[in-house]
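Reminder that position 2 of the sequence shown reads as 3 in my numbering, one-by-one numbering, no gaps.
No residue lacks a Cβ here, since even glycine has one placed at the ideal position from N, Cα and C.
These notes concern the structure reproduced below.
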Amino acid sequence: MEQGLGSSTWWEEAEYKQLGTVNDRALFVLHKLITRDITKFQAAWAVAFPGRPMYEPRQIQPDQVTRGPWLVILTRMGATREETTDILDRVGRRW
2 MEQGLGSSTW
12 WEEAEYKQLG
22 TVNDRALFVL
32 HKLITRDITK
42 FQAAWAVAFP
52 GRPMYEPRQI
62 QPDQVTRGPW
72 LVILTRMGAT
82 REETTDILDR
92 VGRRW
């Protein structure tokens, strides 16, 4: 069984390579997480943003997802420490 999210393969995708902004990269990662397991993502979102329901994935404003919520979401989605560090860097939320 694969450990983590397998995110290292995401960065080679043509869609990712065309992204120019941190927000676009954040939306890409969020889409990957939602597509992977929407139920798990919604549960992680509920912990990261208590009292702030996520009705539609397209309603997410990536610039409002700070480092703390990213950590919660990535951890609950099963990201390894290395993946978390890499993703945080790519979405402009470095350690």
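Quick check on residue i: buried or exposed, where buried means 16 or more other Cβ atoms within 10 Å of its Cβ?
i     : result
Val66 : buried
Val48 : exposed
Thr36 : exposed
Trp46 : buried
Do you know offhand how far residue i's Cα is from residue j's?
i     : j     : result
Arg53 : Asp64 : 16 Å
Leu34 : Met78 : 7 Å
Leu75 : Met55 : 16 Å
Relative to the C-alpha of residue i, which candidate in the options has its C-alpha closest?
i     : options                       : result
Trp71 : Lys18, Leu28, Arg59 and Glu57 : Leu28
Ser9  : Val30, Gln62, Arg95 and Gly21 : Val30
Lys41 : Thr86, Glu13, Leu6 and Asp25  : Leu6
Ile88 : Arg26, Ile61 and Glu13        : Arg26
Does residue i come out as helix, strand or coil in the three-state DSSP assignment?
i     : result
Arg95 : coil
Leu75 : helix
Gly69 : helix
Taking only beta-carbon positions, decide if residue i is within less than 8 Å of chain C.
i     : result
Thr85 : Annotation note: the requested chain C is absent from the structure, which comprises a single protein chain.
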